[in-house]
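Sequence order for the protein chains is A and B. Quick note, the first sequence lines up with residues 1 to 734 if you use full-length UniProt numbering. Quick note, the second sequence lines up with residues 1 to 183 if you use full-length UniProt numbering. Each residue gets a CB set at the ideal place from its N, CA and C atoms; glycine is no exception. Since this is a predicted model, take the numbers as computed values, not measurements. One structure is given here, and the rest of the page talks about it.
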Amino acid sequence: MSIDLSQFHQVFFEESYEGLDVMESALLNLQPDSVDPETINEIFRAAHSIKGGSGTFGFNDVASFTHVVETLLDEIRGGVRNITSETVDLFLRSVDCIRRMIQQHDAGEPCDIPEAQELKASFEAMLAGGSSAPAEETAEDDKSVSEESSTPARKGWKIYFKPELDVLRTGNDPLRMFRELESLGSLRVTADTSALPLISAIDPEACYLAWTLELDADVPQSDVDEVFEWVVDESDLKITPLALDGGSTEQGEPSTSGSTPTEEPSDDTTRLTEGLTAADSEQQSAENPNSQPAESATATEQTAELKPAEAKPAVAKPAAAASKTEKAKTEVSSIRVGIDKVDDLINMVGELVITQSMLGELGLDFTIESLPKLLEGIEQLSQNTRELQESVMRIRMLPISFTFSRFPRLVHDLSRTMGKKIELKLSGEQTELDKTVMEKIGDPLVHLVRNSLDHGIETPEDRIKAGKPETGTITLNAFHQSGNIVIQIIDDGAGLNKARILEKAKQNGLVSEGDMLTDDQINDLIFRPGFSTADQISDISGRGVGMDVVRRNINELNGSVEVESTEGEGSVFTIRLPLTLAILDGQLIRVGNHTYILPLISIVESIQSFQGMLHRVVGGCDLLRLRDEYVPIIQLASIFNIESDAKDMDDGLLVVVEGDNMKVAILIDDLEAQQQVVIKSLEENYKKVDGVSGATILGDGTVSLILDIAGLIKLAGVQRYEYKSVSGGDDYAA
Amino acid sequence: MAEQQNDNATITSINEEISDAIAHEPTEQYLTFFIDNEEYGVDILSVQEIRGWEPATEIPNAPVYLKGVINLRGTVVPITDLRLRFGINQFEYSPVTVVIVVKVKAGKSEKIMGIVVDAVSDVSNFTQADIHPAPELADNKNTAFIKGLGSSDNKMVILLDINKLLNAPEDVDLTDISRALVK
Numbered sequence: 001m002s003i004d005l006s007q008f009h010q011v012f013f014e015e016s017y018e019g020l021d022v023m024e025s026a027l028l029n030l031q032p033d034s035v036d037p038e039t040i041n042e043i044f045r046a047a048h049s050i051k052g053g054s055g056t057f058g059f060n061d062v063a064s065f066t067h068v069v070e071t072l073l074d075e076i077r078g079g080v081r082n083i084t085s086e087t088v089d090l091f092l093r094s095v096d097c098i099r100r101m102i103q104q105h106d107a108g109e110p111c112d113i114p115e116a117q118e119l120k121a122s123f124e125a126m127l128a129g130g131s132s133a134p135a136e137e138t139a140e141d142d143k144s145v146s147e148e149s150s151t152p153a154r155k156g157w158k159i160y161f162k163p164e165l166d167v168l169r170t171g172n173d174p175l176r177m178f179r180e181l182e183s184l185g186s187l188r189v190t191a192d193t194s195a196l197p198l199i200s201a202i203d204p205e206a207c208y209l210a211w212t213l214e215l216d217a218d219v220p221q222s223d224v225d226e227v228f229e230w231v232v233d234e235s236d237l238k239i240t241p242l243a244l245d246g247g248s249t250e251q252g253e254p255s256t257s258g259s260t261p262t263e264e265p266s267d268d269t270t271r272l273t274e275g276l277t278a279a280d281s282e283q284q285s286a287e288n289p290n291s292q293p294a295e296s297a298t299a300t301e302q303t304a305e306l307k308p309a310e311a312k313p314a315v316a317k318p319a320a321a322a323s324k325t326e327k328a329k330t331e332v333s334s335i336r337v338g339i340d341k342v343d344d345l346i347n348m349v350g351e352l353v354i355t356q357s358m359l360g361e362l363g364l365d366f367t368i369e370s371l372p373k374l375l376e377g378i379e380q381l382s383q384n385t386r387e388l389q390e391s392v393m394r395i396r397m398l399p400i401s402f403t404f405s406r407f408p409r410l411v412h413d414l415s416r417t418m419g420k421k422i423e424l425k426l427s428g429e430q431t432e433l434d435k436t437v438m439e440k441i442g443d444p445l446v447h448l449v450r451n452s453l454d455h456g457i458e459t460p461e462d463r464i465k466a467g468k469p470e471t472g473t474i475t476l477n478a479f480h481q482s483g484n485i486v487i488q489i490i491d492d493g494a495g496l497n498k499a500r501i502l503e504k505a506k507q508n509g510l511v512s513e514g515d516m517l518t519d520d521q522i523n524d525l526i527f528r529p530g531f532s533t534a535d536q537i538s539d540i541s542g543r544g545v546g547m548d549v550v551r552r553n554i555n556e557l558n559g560s561v562e563v564e565s566t567e568g569e570g571s572v573f574t575i576r577l578p579l580t581l582a583i584l585d586g587q588l589i590r591v592g593n594h595t596y597i598l599p600l601i602s603i604v605e606s607i608q609s610f611q612g613m614l615h616r617v618v619g620g621c622d623l624l625r626l627r628d629e630y631v632p633i634i635q636l637a638s639i640f641n642i643e644s645d646a647k648d649m650d651d652g653l654l655v656v657v658e659g660d661n662m663k664v665a666i667l668i669d670d671l672e673a674q675q676q677v678v679i680k681s682l683e684e685n686y687k688k689v690d691g692v693s694g695a696t697i698l699g700d701g702t703v704s705l706i707l708d709i710a711g712l713i714k715l716a717g718v719q720r721y722e723y724k725s726v727s728g729g730d731d732y733a734a
Numbered sequence: 001m002a003e004q005q006n007d008n009a010t011i012t013s014i015n016e017e018i019s020d021a022i023a024h025e026p027t028e029q030y031l032t033f034f035i036d037n038e039e040y041g042v043d044i045l046s047v048q049e050i051r052g053w054e055p056a057t058e059i060p061n062a063p064v065y066l067k068g069v070i071n072l073r074g075t076v077v078p079i080t081d082l083r084l085r086f087g088i089n090q091f092e093y094s095p096v097t098v099v100i101v102v103k104v105k106a107g108k109s110e111k112i113m114g115i116v117v118d119a120v121s122d123v124s125n126f127t128q129a130d131i132h133p134a135p136e137l138a139d140n141k142n143t144a145f146i147k148g149l150g151s152s153d154n155k156m157v158i159l160l161d162i163n164k165l166l167n168a169p170e171d172v173d174l175t176d177i178s179r180a181l182v183k
């Protein structure tokens, strides 16, 4: 029985990446002074899984490198060695190194990383250097390769291995262990099939076999123990030195020298064998995606865990990955979806099918009497559709922790290079966000965090001088607010230097000398294109990607970014994003015979009779006095050059909307229905149109344009002035 | 010797025939249509479908020749009126007014666009020999949008380079594109 292992490579790579992520985040959590044994165990388990997997799949360079890492980890785990920040750094570098090795294997390139040798050497030096404590604590503790263990000079080991019946169910495949043993030396395997029940009584997922293995290899017993490490508690395992058991090899069936140890029992019931083999391979394919041992705390199966990954098969379908033998290096993006979400979806599709057959039956023999029933059916159908749509959207939603997870490392590395002490706090990591939005928000977020690190947080000396704690804090916070997702980057650094910003802006001609700006407006200047504070450029931030790019990227996602800052106390960057890019709650509006859609979320209120609140401005933009604010009025008909019903402004209707951090009132003829619309791109076949963010198709099949508030403001040439807190004087606008 | 010469002559003539065949082989098919009694053609491989005129949703501040966008089975497709694009006064749209939906290459991607014409005429085959280069008129850049003039059965068809034509910036003046040629 030979299984083409390459079909599982992709799964192994993905799992290894996950394992590396686990290692990385655990390493970053490691405090050198107070070592949490569970954290070390977590790192160890992840490393061990990678080592085991890479050994199984024949990536020996990864396996041997990981082995050295694991050995050192094991010494730390056993308390033989103390962990220092240098060790943590070394481990972090080795995580990077392993990741690169696996990436190269993944890409099918020959693996050649000079750094690996160098790192391996430094690990080995560290191992040889001094394990201060005595090494004979437990059997596990003397696993170190460089250490001369007290192995007697016997030739090998005889192993009797009788796993419990459900060994396969726990994901431990004896075949894999044997293969690992075989990597130590030549192996003879004899299967004991005496426990096999009659075929009628057989449980295909149970393992009825026991094996006697003879390993000709000059290795310490600990190496053999290690192979069986995961099953030692659930099996009958006897390991005896071979020499003590001299003549017992006569029933040994020599293994075929190939890479697959014989596992078929020498039973002549071929059907039984086939059944077993099939069960075994089935087991293998079923377990492989989760071949991390069940004990591993990281492999929380079937949770609502979702993973964006470069090439990840859905967890329920390992076969899909298997069929993908051709490893195209195109970014096949896929997501790992919680089983509950898929179940929901299946339930809903079931309901939809029921409704459909009900309606179908009704249609075959329709009389006017069954009209109420038809209407009821249609009502049900629309509910099904809505629920289905929500579930499908939910599949695309991922917790934002996938984006946040890259920041601990970033902050760790950067704060070190900059000589600053920075603590990163994350909150709201479970906030869910559309995958597309998440992919696009990553880079702007990195830029903002770098910016806070570099310009926000001061050096420890400066902080002490300013009477602040030496360690600065950056908080990443995400939460939902009124149908938007809000991400905040909060630092307790120096805050924006308003005087300097204003000075720079005047130099760059963004602001003329006489302008009076509010604090918010000054802060907002950093997002303007052409605003560069060249003297601040470092290699961390300010590398040509300005805040204006951040704002532009976020605006492209129909989001907004703003900054609040108090000098000396820190800054808060707030990003607001729509939950999804594909569907929008829209308010249909009418101007003349044109129907447009306003995003419902941007609408503040609508005002029917506003005669008394109107302030005509000659040669400028008319204003609406709304309580204590003056709001500029945009006449949609005039900026779009279309006919409107209202001959005079007073006949229309004003919709007050908010966009691009300001309020405007849009003059329209009428409000129509509210509905969810699917956003279609205009640019796909045409081009970007000013004031329009996209198009959609209405129920009657016609195309309707979705208005873009920020674009309308620009198109109307409304200046960004704040008309706030006018002291009730009607003469203001005259 | 004489025989060999003979052979050589045969080979030469065969080669000529082959190269002739190669040169003539690609006959290109063009969908031809009328605008203002002038017959135009577009490469049939770029034509996706032909459909009747239906009202389109206007795009604000778009050029006058852009009639708007329509819903083509879920895709938003812009419609250009070629008459207006060529600066000819607009015809009353009638049931025979047709929209030719074409696929246009734009960089690496493809765009789907519609063009309004007076009437569809025929599918014509032209070999390379039938296609004459458009006359170079010093003051007329518009010939860039014309592949050539195809002639067959005593008629002349203006073969449009639809990729260039529909990707042309809006401010390129295409008026009188036909008159420049006919003269």
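Cβ contact check for the stretch 569-583 of chain A and the stretch 621-639 of chain A: 3 or more pairs under 8 angstroms: no
Coarse secondary structure for L414 (chain A), derived from DSSP in three states: Within the first sequence, numbered from 1, the residue matching residue 414 (chain A) stands at position 414. Reduced to three states, the DSSP call for L414 (chain A) is helix.
Sequence-distant residues of the same chain with beta carbon closer than 8 angstroms to G442 (chain A), five excluded per side: What you label residue 442 (chain A) is simply residue 442 of the first sequence in a count that begins at 1. Answer for G442 (chain A): T403, R406, listed in chain order.
Under 7 angstroms by beta carbon: chain A residues contacting M113 (chain B): On the second sequence, residue 113 (chain B) is found 113 positions in, with the first residue counted as 1. In chain order: N685.
Cβ neighbour criterion (16 or more within 10 Å) applied to N125 (chain B): The residue given as residue 125 (chain B) occupies position 125 in the second sequence. The residue is exposed, with fewer than 16 neighbouring Cβ atoms inside 10 Å.
Residues that S704 (chain A) contacts on chain B, provided the C-beta gap is smaller than 7 angstroms: Looking up residue 704 (chain A) in the first sequence gives position 704. The contacting residues are T57.
Three-pair Cβ contact test at 8 angstroms for the stretch 438-457 of chain A versus the stretch 409-427 of chain A: yes
Any beta strand (DSSP E) of 3 or more consecutive residues that is wholly inside the stretch 206-231 of chain A: 210-216
Test: I98 (chain A) CB closer than 8 angstroms to a CB of chain B: Walking along the first sequence from the start, residue 98 (chain A) turns up at place 98. Not one chain B Cβ lies under 8 angstroms of I98 (chain A).
N- and C-terminal bounds of the beta strand (DSSP E) containing L588 (chain A): Indexing the first sequence from 1 puts residue 588 (chain A) at position 588. Run containing L588 (chain A): 583-591, per the beta strand (DSSP E) assignment.
Contact list for P78 (chain B) against chain A, beta-carbon separation under 9 angstroms: As a working note, residue 78 (chain B) is residue 78 in the second sequence. Residues of chain A passing the Cβ test: L682, N685, Y686, K687.
Neighbour-count burial assignment, E42 (chain A), 16 or more Cβ in a 10 Å radius: For the purposes of this step, residue 42 (chain A) is taken as the residue at position 42 of the first sequence. Looking at its Cβ environment, which holds 16 or more other Cβ atoms inside 10 Å, E42 (chain A) is buried.
Three-state secondary structure assigned by DSSP to T127 (chain B): Within the second sequence, numbered from 1, the residue matching residue 127 (chain B) stands at position 127. Taken through DSSP and simplified to helix, strand or coil, T127 (chain B) comes out as coil.
Where G542 (chain A) sits in the DSSP three-state scheme: In the first sequence, counting from the first residue as 1, residue 542 (chain A) sits at position 542. Unreliable placement is indicated for G542 (chain A), whose pLDDT of 43 sits below 50; no coordinate value is reported for it.
Local Cβ density within 10 Å of P469 (chain A), reported as buried at 16 or more and exposed below that: By one-based count along the first sequence, residue 469 (chain A) stands at place 469. Exposed, since its Cβ has fewer than 16 Cβ neighbours within 10 Å.
Integer Cβ distance of Y30 (chain B) from G150 (chain B), believed to fall under 8 angstroms: In the second sequence, residue 30 (chain B) corresponds to position 30, counting from 1. In the second sequence, residue 150 (chain B) corresponds to position 150, counting from 1. That belief holds up - the Cβ atoms of Y30 (chain B) and G150 (chain B) are roughly 7 angstroms apart, short of 8 angstroms.
G509 (chain A) versus L525 (chain A) - alpha carbon distance: Taking the first residue of the first sequence as position 1, residue 509 (chain A) is located at position 509. Taking the first residue of the first sequence as position 1, residue 525 (chain A) is located at position 525. So the alpha carbons of these two residues sit roughly 12 angstroms apart.
Cross-strand partners of H455 (chain A) (DSSP beta bridge): Start at 1 with the first residue of the first sequence, and residue 455 (chain A) comes out as number 455. DSSP output for H455 (chain A) lists no bridge partner at all.
Below-8 angstroms beta-carbon distance, I697 (chain A) vs any chain B residue: Within the first sequence, the letter at position 697 stands for residue 697 (chain A). With 8 angstroms as the cut-off, I697 (chain A) counts as an interface residue toward chain B.
Chain B contact residues for G701 (chain A), given Cβ-Cβ distances below 8 angstroms: As a first step, residue 701 (chain A) must be located in the first sequence, where it is residue number 701. Correct list: N71.
Cross-chain neighbours of N641 (chain A) in chain B, by beta carbon under 9 angstroms: For the purposes of this step, residue 641 (chain A) is taken as residue 641 along the first sequence, with counting starting at 1. Going along chain B in sequence order, the residues near N641 (chain A) (Cβ under 9 angstroms) are P60, N61.
Per-residue contacts from G691 (chain A) into chain B (C-beta, under 9 angstroms): Within the first sequence, numbered from 1, the residue matching residue 691 (chain A) stands at position 691. The contacting residues are P60, N61.
Short-range partners of chain B found in the UniProt domain "HPt" (1-105) of chain A, where Cβ spacing is below 9 angstroms: none
At least three beta-carbon pairs within less than 8 angstroms, the stretch 80-92 of chain B to the stretch 672-692 of chain A: no
Proximity of K67 (chain B) and V98 (chain B) at Cβ, strictly below 8 angstroms: On the second sequence, position 67 is the one that residue 67 (chain B) refers to. On the second sequence, position 98 is the one that residue 98 (chain B) refers to. Between K67 (chain B) and V98 (chain B), the C-beta spacing is not below 8 angstroms.
Three-way DSSP call (helix, strand, coil) for N484 (chain A) in this model: Here residue 484 (chain A) refers to the residue found at position 484 of the first sequence. It is a strand residue.
8 angstroms Cβ cutoff met for P444 (chain A) and V550 (chain A): By 1-based counting over the first sequence, the position of residue 444 (chain A) is 444. By 1-based counting over the first sequence, the position of residue 550 (chain A) is 550. Cβ atoms of P444 (chain A) and V550 (chain A): closer than 8 angstroms.
Exposure of A129 (chain B), with buried meaning 16 or more beta-carbon neighbours within 10 Å: The count along the second sequence starts at 1 and reaches residue 129 (chain B) at position 129. Burial call: exposed.
As assigned by DSSP and simplified to three states, the class of R627 (chain A): Locating residue 627 (chain A) in the first sequence gives position 627, where the first residue counts as 1. It is coil, neither helix nor strand.
Beta-ladder partner(s) of H594 (chain A), from DSSP: Walking along the first sequence from the start, residue 594 (chain A) turns up at place 594. Beta-bridge pairing links H594 (chain A) to A:V591.
Residues of its chain near C621 (chain A), where Cβ-Cβ distance is below 6 angstroms and the 5 sequence neighbours each way are ignored: On the first sequence, position 621 is the one that residue 621 (chain A) refers to. Excluding residues within five positions, the ones whose Cβ falls inside 6 angstroms are P632, V718.
Simplified DSSP assignment, three categories, for I697 (chain A): The count along the first sequence starts at 1 and reaches residue 697 (chain A) at position 697. Of the three classes helix, strand and coil, the one that applies to I697 (chain A) here is strand, per DSSP.
Inter-residue Cα distance where the pair is I368 (chain A) and L375 (chain A): For the purposes of this step, residue 368 (chain A) is identified with residue 368 of the first sequence, where counting begins at 1. For the purposes of this step, residue 375 (chain A) is identified with residue 375 of the first sequence, where counting begins at 1. If you take the alpha carbons of I368 (chain A) and L375 (chain A), they lie about 11 angstroms apart.
Residue interval of the beta strand (DSSP E) (run including F12 (chain A)): Here the question's residue 12 (chain A) lines up with position 12 in the first sequence. Taken as a continuous stretch (DSSP letters only), F12 (chain A) belongs to no beta strand (DSSP E), being part of the alpha helix (DSSP H) at 9-29.
Same chain, Cβ closer than 6 angstroms to K111 (chain B), neighbours up to 5 away in sequence not counted: Residue numbering aside, residue 111 (chain B) sits at position 111 when the second sequence is read from its first letter. Result list for K111 (chain B): V104, in chain order.
Strand pairing of K647 (chain A), partner residues [DSSP]: If you number the first sequence from 1, residue 647 (chain A) lands on position 647. Partner(s): none; K647 (chain A) has no beta bridge.
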